[in-house]
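Heads up, the thing below is written out as structure tokens.
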Amino acid sequence: MSLVSGSPFGAGAGANSIVIDPTGSFAYVANAAAATISEYSINASTGGLTAVSGSPLATGSGPESLAIDPAGLFVYARMSLQEPSGRVLHYTGSGP
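According to this note's numbering, the residues represented by the sequence shown are 2 to 97, in order.
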């Protein structure tokens, strides 16, 4: 194993969860301390990451974990356990 050129790739403060869409084209990172989700396109040849326009997305509170639907169309974010409502946010991803 070796580092991909350009690595490490910047994410928001408190990056603690990452999911890849089913096509391997996009990565989403939960940034708990920054209360954002970073979205990246993945270079199929190099594995390098490029921030998607509009990234990071503000969540209002710290996302703890992420999940993506099997078609890669939606990203779900579980908010901080310290948030009383225990919200799950639903985003349209950049996937297929």
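Don't be surprised by glycine CBs; every beta carbon is placed ideally from N, CA and C.
{"Item": "First and last residue of the uninterrupted beta strand (DSSP E) at Ser62", "Value": "First-last for Ser62: undefined, no H or E at that position."}
{"Item": "Pick from Ser26, Ala16, Gly11 and Ser42 that is closest to Thr35, judged by C-alpha positions", "Value": "It is worth fixing the name first, because residue 35 is Ala in this sequence and not Thr. Comparing Cα-Cα distances from Ala35 to each of Ser26, Ala16, Gly11 and Ser42, the minimum goes to Ala16."}
{"Item": "Short Cβ contact (7 angstroms threshold) for Tyr128 with Leu67", "Value": "Outside the displayed range of the chain (2 to 97) lies residue 128, so it cannot be described from this structure."}
{"Item": "Proximity winner among Gly55, Ser62, Gly13 and Gly48, relative to Gly1 (alpha-carbon distances)", "Value": "The structure shown has nothing for residue 1, since the chain only spans 2 to 97."}
{"Item": "DSSP beta-bridge partners of Ser81", "Value": "BP columns for Ser81 are empty, so no partner."}
{"Item": "Exposed unless 16 or more other CB atoms sit within 10 angstroms - verdict on Pro71", "Value": "exposed"}
{"Item": "Per-residue burial, Ala59 [other beta carbons within 10 Å of its own, 16 or more giving buried]", "Value": "exposed"}
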